[in-house]
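Colleague:
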Amino acid sequence: MAAVCLIVIAGSLVSGQASRPEPVTIHVDTTNRLGPMHPFWAWFGHDEPNYTYTPNGRKLLSSLQELSPVPVFMRVHNLLTSGDGTAALKWGSTNVYSEDAAGRAVYDWTILDRIIDTYRARGIRPFVQLGFMPEALSSAPPGIPYRHFWKPGDPYNDIYTGWTYAPKDYAKWEALCHEVTRHFVSRYGRAEVERWWFELWNEPDIGYWSGSVGPSSRTDPLATEKQKARREEFEKLYDFTVEGVRRALPTARIGGPEVTGGAQGMLRSFLQHTSSGTNHATGRTGTPLDVITFHAKGSPTFVDNRVRMGVANHLRSIDAHFSVVREFPMYAKTPLVIGESDPEGCAACGVTHYPQNGYRNGTMFPTYTALQIARTYELADLHGVNLLGAVTWAFLFEDQRWFDGFRDLATNGIAKPVLNTFRMLGQMSGDRVKAVSSAGLTVEQIRDQGVRGAPDISALAARSARSATVLIWNYHDDDLPAPAAAVTLTLEGLPAGRATVSHMRIDETHSNSYAAWLQMGSPQSPTAAQLATLERASALQPLRPPRQVRIDQRGRVTETFDLPRKSVSFVKVSW
């Protein structure tokens, strides 16, 4: 049976909604196609690779692949980091590389295989991040510890230890990249690995990359010179990385540079190097670049005892990086991946020490995510770029308190409300189609000013051969009580005849494990019965029973409902 799916995002039920809902009309023309509804959102990632194969990790990975119409891609840090495989916040290791007493390479694939095997058992594919520097190769000077023991509340720069340094020997690094790739081909097959993507490192414009010169402070008189040296060393590292990977698999797809949201300058210099610079590994002009990567983050604050989101900063960063790529005609069709695309920059920074991250447990996160993904489609259209993926940097954190405000998709094995937004998105397919809202802001307004006055109640719509979907959100940057919107949603261009309408919802009483946990008294050791309740609450739930309708001769169907802020509705029409 074909289906029409309507996703609606709005806000949570609050005591201030006794006032009359504001009327909003949303019109969707399912015959006006805008472009492919490519699921670029089906990319996820996290710092701690050793969480991958825990029972909760395996459960969450299965949930991610089940919700996606295409293979999910996973991006994780620390795939080459030295250690015993013990996970910690912002840390992980595989111990792939070490050396014997004579300085010869010793490879151990045990932990790396366990990670990738867990992906492949579920149909997930890796976005292989080649990093960080193994201890035996690190050029960190004496006295610099190799690993960190950071915890929330500590200075963030404490994480930048010996793993951030350049290799002592670039030939050995090239050989490591070669052996890793060769092992992947041997274990998973050439045809499979050709479907993966490879990349180098993470955020080389900040402390993640110390080069051989080491970090520099703002007061360092040599800061500019060191920054230039680190940038050039990263380009050298990229050249040797590509050489090693391609020597093992000439058809491997590899790219970078995974710069932070404010690093348009380094993105530009990196593209100059790969397009026309001298390759440090080969001496030839240019270096292969199959995918261009960068990060984009929002900037929430805690103002007047409430969270204020910063979606404008998020969209400005995406917009600026797209603009840099457009400066290089040779990369006009090169796939782009936003390697981290999130409301802020530290998934492991819980709400206890960082109150601005209080949005993460409830329905603000799902609402923000819906708006941001929809507007990212628009920005990609405006710039005419080939957006392949946008990584939500959120997974899970083991051995933490329930709902401790980390940026994660599940807590102690229970899905958080934001995961249900992706479950809705997973039912969208085909082509995006025209949607117009009487209460919508433009992407330019949100990029330039944020959502600080009237809310943004807008829509993302799609249509496949015999289905249509609409994503509608009622969003405001400020996490404050507000009246609901009385929505009249009309779709046109549908085949006349009988149909069934079902309506799913994320709000304070539906699809919301956090609200259920609060209602049961916020237990840190839930009973078996409470766990069962939380599991049920974490699933995508109906707002009302399905109903039979008739699509009229004009091909129209209408759905009316109140749309509170920070809530998500999914309306499905099947015929």
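Numbering (this note's numbering), first residue to last: -15 to 559. Note that the Cβ used here is the ideal one computed from N, Cα and C, for glycine as well.
1) When burial is assigned at 16 or more other CB atoms within 10 Å of the CB, is V555 buried or exposed?
2) Helix, strand or coil for E217, going by three-state DSSP, please let me know.
3) For H162, name the three-state secondary structure that DSSP assigns.
4) Between the C-alpha atoms of K212 and G29, what's the straight-line distance to the nearest angstrom?
5) Could you check where the alpha helix (DSSP H) with L403 kicks off and where it finishes?
6) Could you spell out the range, first to last residue, of the alpha helix (DSSP H) harbouring V427?
7) Near D365, which residues of its chain fall below 8 Å by C-beta distance, leaving aside the five closest residues on each side in sequence?
8) Measuring straight from C-alpha to C-alpha, what distance separates R549 and S283?
9) For T395, which beta-bridge partners are listed by DSSP?
10) Once DSSP output is grouped into helix, strand and coil, what is the label at Q537?
11) Could you check what DSSP says for G323 in three-state terms: helix, strand or coil?
12) Return the first residue and the last residue of the beta strand (DSSP E) that Y81 is part of.
13) What do you get for G146, buried or exposed, if any count of 16 or more other CB atoms within 10 angstroms of its CB means buried?
14) Would you call the stretch 152 to 160 and the stretch 111 to 128 in contact, with 3 or more CB pairs under 8 Å?
15) Do three or more CB pairs link the stretch 451 to 465 to the stretch 349 to 356 at distances below 8 Å?
16) Leaving aside the five residues before and after V(-2) along the sequence, list all residues of the same chain whose C-beta is less than 6 Å from its C-beta, in chain order.
17) The beta strand (DSSP E) that contains G19, what's its start and end?
18) Taking T94 as the reference, give the member of G249, F168, P55 and R528 with the closest Cα.
19) Would you list the one or two residues that DSSP bridges to T592?
20) Could you say which of S196, S201 and A232 lies nearest to L221 if we only look at CA atoms?
21) How far does the alpha helix (DSSP H) with T360 in it reach, from first residue to last?
22) Can you give the Cα-Cα distance for D138 and D383, rounded to whole angstroms?
23) For S(-4), does the three-state DSSP call read helix, strand or coil?
24) Could you check what DSSP says for M(-15) in three-state terms: helix, strand or coil?
25) Using the three-state DSSP reduction, which class does T244 fall into: helix, strand or coil?
26) In this structure, what does DSSP give as the bridge partners for Y149?
27) Please go through the same chain and pick out, in chain order, the residues whose beta-carbon is closer than 6 Å to the beta-carbon of G76, but skip the five residues on each side of it.
28) How would you call E6, buried or exposed, if buried means at least 16 neighbouring beta carbons within 10 angstroms?
29) Looking only at its chain, what residues have a beta carbon closer than 6 Å to the beta carbon of F133, apart from the 5 residues adjacent to it on each side?
30) Please state whether the Cβ-Cβ distance between P241 and F254 is less than 7 Å.
31) Assuming F57 is part of the beta strand (DSSP E), what are its boundary residues?
32) Only counting the same chain, and skipping five residues up and downstream in sequence, which positions put a Cβ closer than 6 Å to that of S82?
33) For L184, which residues does DSSP report across the bridge?
34) What residue range is occupied by the uninterrupted beta strand (DSSP E) comprising T453?
35) Going by DSSP, what residue range makes up the alpha helix (DSSP H) through E311?
36) If I follow the unbroken alpha helix (DSSP H) through R520, where does it start and stop?
Modeller: In this structure, then:
1) buried
2) helix
3) helix
4) 29 Å
5) P401 to L409
6) V427 to Q433
7) L18 and G19
8) 20 Å
9) I398
10) coil
11) strand
12) Y81 to E83
13) buried
14) yes
15) yes
16) Legend: pLDDT at V(-2) = 38, less than 50; position of this residue unreliable, value from coordinates given subsequently. So the list reads P465, once near-sequence residues are dropped.
17) E6 to P20
18) F168
19) No statement about residue 592 is possible, as the shown extent of the chain runs from -15 to 559 and does not include it.
20) S196
21) M348 to H367
22) 19 Å
23) Residue placement at S(-4) cannot be trusted, given a pLDDT of 39 that sits under 50; what the coordinates show is reported in the next sentence. Coil at S(-4), not helix or strand.
24) Note that M(-15) scores 45 on pLDDT, short of 50, meaning its location in the model is unreliable; the coordinates nonetheless yield the value given after this. Coil.
25) coil
26) G195
27) E32, P33, N34 and N62
28) buried
29) none
30) yes
31) F57 to V60
32) V90 and A120
33) L114
34) S451 to Y459
35) Unbroken run through E311: none, as it is neither H nor E.
36) A512 to S522
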